[in-house]
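Student:
Protein chains: 2
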Amino acid sequence: MSSTMKLMLFSFFTILSFQTVFSVTPLIVQHPLDPLTEQEITLVQTIVLRKYPTSRNTLTFHYVGLDDPDKAAILKWQQSPKLVKIDRKSFVIAIINSQSHEILINLKAKVIVSDNIHKGNGFPTLSVEEQGQVIELPLKYGPFIASVNKRGLNLSEVVCSTFSIGWYGEAKSKRSLRVECFLKEDTANIYVRPINGITILVDLEKMKIVEYHDTEIEPVPTANNTEYRASRQRPPFGPKQHSLTSHQPQGPGFQINGHSVSWANWKFHIGFDVRAGVIISLASIYDLEKHKSRRVLYRGYISELFVPYQDPSEDWYYKTFFDAGEFGFGQSMVPLIPNLDCPPNAQFLDAHFAQADGTPTTLNNAFCVFEQYGNIMWRHTETGIPNENIVETRTEVNLIVRSIVTVGNYDNILDWEFKASGSIKLGIALSGILEIKAVGIKHKSEIKKEQHGSLVSANSIGVYHDHFYIYHLDLDIDGEYNSFEKTNLKTVKVTDGSSKRKSYWTIETETAKTESDGKIKIGTSPTEFAVVNPNKQSSTGNDVGYRLIPGPAVHPLLTEDDYPQIRGAFTNNNVWVTPYNRTEKWAGGLYVDQSRGEDTLAVWTKRNRDIKNKDIVLWHVVGIHHVPTQEDYPIMPLLSTGFELRPANFFERNPVLKTLSPKDVQWPGCPK
Amino acid sequence: MSSTMKLMLFSFFTILSFQTVFSVTPLIVQHPLDPLTEQEITLVQTIVLRKYPTSRNTLTFHYVGLDDPDKAAILKWQQSPKLVKIDRKSFVIAIINSQSHEILINLKAKVIVSDNIHKGNGFPTLSVEEQGQVIELPLKYGPFIASVNKRGLNLSEVVCSTFSIGWYGEAKSKRSLRVECFLKEDTANIYVRPINGITILVDLEKMKIVEYHDTEIEPVPTANNTEYRASRQRPPFGPKQHSLTSHQPQGPGFQINGHSVSWANWKFHIGFDVRAGVIISLASIYDLEKHKSRRVLYRGYISELFVPYQDPSEDWYYKTFFDAGEFGFGQSMVPLIPNLDCPPNAQFLDAHFAQADGTPTTLNNAFCVFEQYGNIMWRHTETGIPNENIVETRTEVNLIVRSIVTVGNYDNILDWEFKASGSIKLGIALSGILEIKAVGIKHKSEIKKEQHGSLVSANSIGVYHDHFYIYHLDLDIDGEYNSFEKTNLKTVKVTDGSSKRKSYWTIETETAKTESDGKIKIGTSPTEFAVVNPNKQSSTGNDVGYRLIPGPAVHPLLTEDDYPQIRGAFTNNNVWVTPYNRTEKWAGGLYVDQSRGEDTLAVWTKRNRDIKNKDIVLWHVVGIHHVPTQEDYPIMPLLSTGFELRPANFFERNPVLKTLSPKDVQWPGCPK
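These protein sequences, in sequence, are chains A and B. Position 346 of the first sequence, counting from 1, maps to 350 under this note's numbering, and the rest follow consecutively. Position 408 of the second sequence, counting from 1, maps to 412 under this note's numbering, and the rest follow consecutively.
1. Pull out every residue of the segment 240-274 of chain A whose Cβ sits closer than 9 Å to any Cβ of chain B, in chain order.
2. Under a Cβ-count criterion, where at least 16 other Cβ atoms within 10 Å of its own Cβ denotes burial, should B/Tyr-229 be classed as buried or exposed?
3. Take A/Val-669 and list the residues in its own chain whose beta-carbon comes closer than 7 Å to its own, dropping the five residues that flank it on each side.
4. Decide yes or no for the touch test of the segment 590-597 of chain A against the segment 323-342 of chain A: beta carbon pairs closer than 8 Å, at least 3 of them.
5. Could you pull out every residue in the same chain whose Cβ sits closer than 6 Å to the Cβ of A/Asn-379, ignoring the five residues on either side in sequence?
6. Identify whether B/Trp-171 lies in helix, strand or coil by the three-state DSSP scheme.
7. Please state the DSSP three-state secondary structure of A/Val-46.
8. Using the beta-carbon of each residue, which ones in chain B are nearer than 7 Å to A/Tyr-232?
9. Using the rule of at least 16 other Cβ atoms within 10 Å of the residue's Cβ for burial, across every protein chain shown, is A/Ser-168 buried or exposed?
10. Taking beta-carbon pairs under 8 Å, can you tell me which members of the segment 521-543 of chain A lie near chain B?
11. Are at least three pairs of beta-carbons, each pair with one atom in the segment 420-439 of chain B and one in the segment 636-648 of chain B, less than 8 Å apart?
12. Examine the Cβ distances between the segment 333-345 of chain A and the segment 104-116 of chain A and report whether three or more of them are shorter than 8 Å.
13. Tell me which residues share the same chain as A/Asn-120 and place their Cβ nearer than 6 Å to its Cβ, disregarding the 5 neighbours each side in the sequence.
14. Distance cutoff 8 Å, beta carbons only. Does A/Met-640 sit that close to anything in chain B?
15. In chain B, which residues lie with their C-beta within 8 Å of the C-beta of A/Asp-415?
16. Under three-state DSSP, which class holds A/Gly-483?
17. Would you call A/Asn-133 buried or exposed, if buried means 16 or more other Cβ atoms sit within 10 Å of its Cβ?
18. Applying the criterion that 16 or more other CB atoms from any shown protein chain within 10 Å of the CB defines a buried residue, is B/Val-214 buried or exposed?
19. For a contact defined as C-beta to C-beta under 9 Å, what are the partners of B/Val-311 on chain A?
20. Is the CB of A/Ser-27 under 8 Å away from at least one CB in chain B?
21. Report all residues from its chain with a CB closer than 7 Å to the CB of A/His-66; omit the five preceding and five following residues, and keep chain order.
22. Hey, how far is the Cα of A/Asp-603 from the Cα of A/Val-206?
23. My guess is that B/Leu-438 and B/Asp-636 are in contact by the Cβ rule of under 8 Å, so how many angstroms apart are they, rounded?
24. Between the segment 128-144 of chain B and chain E, which residues of the former have CB atoms less than 7 Å from a CB of the latter, in chain order?
25. Mind listing the chain A neighbours of B/Ala-424? Cutoff is C-beta to C-beta under 8 Å, in chain order.
26. For B/Val-152, count neighbouring C-beta atoms within 10 Å of its own C-beta (all shown protein chains included) and say buried if the count is 16 or more, exposed if not.
27. Going along chain B in order, which residues have a C-beta closer than 8 Å to the C-beta of A/Pro-666?
28. Mapping DSSP to helix, strand and coil, what is A/Val-669?
29. How about B/Gly-572 and B/Pro-312: do their beta carbons lie closer than 8 Å?
30. Looking only at DSSP bridge pairs, what is A/Lys-441 linked to?
31. Can you have a look at B/Arg-551 and say buried or exposed, based on whether 16 or more other CB atoms are within 10 angstroms of its CB?
32. When the Cα atoms are used, what is the spatial distance from B/Lys-296 to B/Tyr-290?
33. Taking Cβ positions, are A/Tyr-321 and B/Arg-505 nearer each other than 8 Å?
34. Looking at chain A, which residues of the segment 621-638 of chain B have a Cβ within less than 9 Å of any of its Cβ atoms?
35. Can you tell me whether B/Ser-84 is buried or exposed, with buried defined as 16 or more other CB within 10 angstroms of its CB?
36. Note down, in chain order, every chain A residue with its Cβ under 9 Å from the Cβ of B/Val-224.
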């Protein structure tokens, strides 16, 4: 979904969470994958505005990020960080005089390396600030004011929100947004109080309303029972939850140095990108037996989130959002609340990004890092050896990197969970608020025609929709050259009387040769998926690897020729494998707003490139079909999915065989 | 898997975890679903032995449990516990003079109500004690001693283990077990040191070896790197995990009264059965808006666990275990280790069951109950309302009931997780040890023929297998009369030009009329499953219900006519729905040892009974296909699966809307 009005909040949030900082902070040793600093963002602004002064140009920044160095350079740097120098570069997308410029800047040399104009379809990520301008337009627009009055509503209680418009076959596209408005009267929960029946289209170039219709009046659902703030609710509260206080007497088990994290046997880098949000890079794990750190993941992040709604009517058909590419996962991250969004033992990192005018802004508490306790790592009770009492249990501490991306109504709680056993678990949990369609129906018995959603409260339809997340997972298992293996579990019939069994299953492993072999719809047959290094074997001759252990598989239900599905064609498979290509980052394309599906993963892979024993990238689509229920209203308890990357013959044996449970300790914090 | 030698451990465990108790403990008010007490077990023993004195009969007890009262009686009792009296009864299966007797005893009247002889196929659950006798036999058997000597092994380092033999079409069955032996020299990890090539069949009636072959000699894999006990390992240990200490200043949020638990908005009963293990009954949740407790689950437990191995060779084909029915989930539960198997804030409950001679024994710390912290319950950051700073996050406390069932090599960590939001999450995690086949192969390159498993270490094949758990879930959503609904998500093509979209999806809900409608292979199409009460609607007219949210679906790969699959036919579907029938408890049949599949869920449902608006039971199969990796060796880090029962229009709205996060507190334990 959409709706962002952060600009308007800047004054307010300055104190709370955003800070516009210009001062120079002390230089710390920088990792070449560190996100742009505030100073670097300011430098980008200066360099671009020097070439395109605003006195003679209209210019807005839509993407300012690190131009990530070549992998080869990073890997060399990693080996000799003191010897190898990598120039910091920034990649910028700015709309300058109505054209999308792709500007590459060398921050060390302080020069523009290249400046190309994007000629194709699609527009860059929307800026927070232009959306902030857009939502003010209806409130000063006569026909809208008339519509509000006609409905007997109070204009001062109306707030509006922006919605990307998608592409539905038009030959010409203009940068535009739809606007919908809501009533905030007596509730913070605007999404459940839509003012329906009004169509507003804003031309972003002209920054004015260019289309306006007021077709039908459905009552705005009441504010009753919609408020979720405790401060605005009346008792009784409940059920009651008891408190727990905790302490780590040895301190946390992890260290954060700049953006580099080391914990237990893991080392990795936490990056930030205004579009991708969290980027985990250079994750490697120390092998206690081989006495060395071994590479697992070069880079991982969520490349796109596609949220198509399933109501084809005039007010809803276009709602097929690409939350990362259109709204920016990074700029939609919200400040994490200590002790609530993350437990008391969490540490926090800030993030910086450029505003539309190029000025840096700070998002405090953008990520948190914490250790999670309470699970079993492995165990066994052995009752089979006479006169011996054998029980061994190891408890587990995991490390979680969390961020929360709130694009309008929905909050995406995104976890990277590292386990000492070598697994990386990717957790997605959804909370927040449903998009509600207002209807003149209070009871299911009144429904006479398809409503495209569930009646979650009187006058409130929770419209059907999907959440499709695609992860970019550039695994480098013990090196860049990897292969993707599908291991099919196949029934074998015994017909020759050689066994009393009539059947059994065995495995058949196939190495994907080209990209078409790497396209997989999960769930059609029992298969295990792994990225292996065919050049490195364990002592028993198994290729070292990591398995992808998927969660419940979800497949798109739109027809492949439907416009949103052409744009979101990367959801056609749950797994894709591509050769590493620095430019193939965004599964829905670099310019997703009003894209036409010409630059998606589905298009790239048509070349059917070789992927066997190459530097490959695994893409994984996970998701949820969402048929809302009343419990999702007015705010939704967490709905979760996820998957696991799990070592498979990567280690010679269980890598936590010799990991001890943390010692039982008593609270040491009492004054003597 | 198999292997149980608990008898031999009794002397040892007496101090640690088992206690044979004869004293009378003070009477507490009993719940009619409470498991049999020690006194009641002793009474059963007395009554049965009075009729069948051992002076004139050979008699062994194979099941002694509560004969659970009719549901109607329980529900009446629940309404007026002081007025309604329910006689305690015990159901007993004993083998008396080679016949399986089903004896029903009225414990109040102290009389045998009925005593029937089982005429059909299959045998009762194996007793711990007879398995203890069986594993001693080879050690005194000349040909086996010769085989051990021939291999140059030390007999005093040999331990044996029992394996149920299944059924492979034989017309006549005798109660028998296969025995395999292992080397415990230099390791506690016997399962990875099998002495292969020896076939031993024991007749349980005669309690003697009736078949013995020594066919081929494969080397026993070495003990190197197989030990998992920290006390027997050499440094370096690692990676290091930091400690965390915690405290609940208000005490735990739950109360346990006898076997009844109340926590937050939930109340339920924890039962125990020697065959099923944990039974959760009468789970109901308090509805803050309706001001009443509402029924959700009448009874839930794991009805069977089917573990077929996938090696058809003479030494392995028969390994197709039914861990609940053959070995007893309850009698295979292990004492939970405080602070390791359960966190420091856990409380523990004991369990009692009858030994083969009818004497009660106590399993200490059979279950634990604890609160788990650290997750988000729901949240939203609202950036869309100008000049307002709106962030609400509620943290979540969940209640977990844990037990661990160790049947030989594998440890099943079984969690019931209750959420204040109304969800019940069922967690299954596997740890323990692989069953290993010894082979003369040290490297994959030496493999010339199918080995039916992964080379997880030199000379060690981890044989392919499955774990299929079937849950019996007698949901009573707001009453007994419920229906099962399948909601299919279907693509609709737009061909009339009524929308700019070419497609969307909508739902089609079908109510299952008969049992055949309730048979579902999950994953073939996008479907939501719910048990609803068609007689109770929400204020907006939705049937109140609970959804089944499955984990990754697993389907059997054996052919349907294969003997193990006939016996385990309940795995043919992931979902089955039956009308409540007090006798239909065990999905693989009441007599599973050497069963012939005549009494399975697949057979019962052939009657195709009505299930619409009836008292229905939901059965759910979850599982894991296990292709072992080296990391699973010598002991396996947790491998997890599970599913969720989630309210769906059961509540008018989010039931934790007015639940507050636990208060932040400081440790209060310092002396003043």
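Note that beta-carbon positions come from the ideal geometry of N, C-alpha and C, so glycine has one too.
Tutor: Taking the definition as stated:
1. In summary, the residues of the segment 240-274 of chain A whose CB is separated from some CB of chain B by less than 9 Å are Pro-240, Phe-241, Gly-242, Pro-243, Lys-244, Gln-245, His-246, Ser-247, Leu-248, Thr-249, Ser-250, His-251, Gln-252, Pro-253, Gln-254, Gly-255, Pro-256, Gly-257, Phe-258, Trp-267, Ala-268, Asn-269 and Trp-270, in the order they occur in the chain.
2. Contrary to the premise, residue 229 of chain B reads as Asn rather than Tyr in this sequence. It is buried - the Cβ of B/Asn-229 has at least 16 other Cβ atoms within 10 Å.
3. Pro-253
4. yes
5. Excluding positions up to five away in sequence, the list reads Glu-400.
6. coil
7. Checking the displayed sequence, the identity of residue 46 of chain A turns out to be Thr instead of Val. Helix.
8. His-384, Glu-396 and Leu-661
9. buried
10. Answer in chain order: Gly-527, Pro-530, Glu-532, Gln-541, Ser-542 and Ser-543.
11. yes
12. Too few Cβ pairs lie closer than 8 Å, so no.
13. Leaving aside the five residues that flank A/Asn-120 on each side, the residues in its chain whose CB is nearer than 6 Å to its CB run, in chain order, Glu-106.
14. yes
15. Arg-383, His-384 and Thr-385
16. coil
17. Before going on, a small fix: residue 133 of chain A reads as Glu here, not Asn. When all chains shown are included, A/Glu-133 counts as buried.
18. exposed
19. Neighbours of B/Val-311 on chain A: none; closest Cβ ~13 Å, over 9 Å.
20. Annotation note: pLDDT 36 at A/Ser-27 (below 50); position unreliable, coordinate value reported separately. No - not a single Cβ of chain B is within 8 Å of the one on A/Ser-27.
21. Taking A/His-66 as the centre and dropping the five residues before and after it, the same chain places the C-beta of Ile-97, Ala-98, Ile-99, Pro-128, Thr-129 and Ser-131 closer than 7 Å to its C-beta, in chain order.
22. 26 Å
23. The beta-carbon separation of B/Leu-438 and B/Asp-636, rounded to 5 Å, stays under the 8 Å limit for a contact.
24. Protein chains in the displayed structure are A and B, and chain E is not among them.
25. Pro-243 and Gln-245
26. buried
27. Gln-245, His-246, Ser-247 and Leu-248
28. DSSP places A/Val-669 in coil when its eight states are reduced to three.
29. Their beta carbons are under 8 Å apart, which means B/Gly-572 touches B/Pro-312 by this criterion.
30. The secondary-structure analysis by DSSP pairs A/Lys-441 across a beta bridge with A/Ile-465.
31. buried
32. Between the alpha carbons of B/Lys-296 and B/Tyr-290 lies a distance of about 5 Å.
33. yes
34. His-629, Val-631, Thr-633, Gln-634, Glu-635, Asp-636, Tyr-637 and Pro-638
35. exposed
36. Those do not exist, as B/Val-224 stays about 16 Å from chain A at its closest Cβ, beyond 9 Å.
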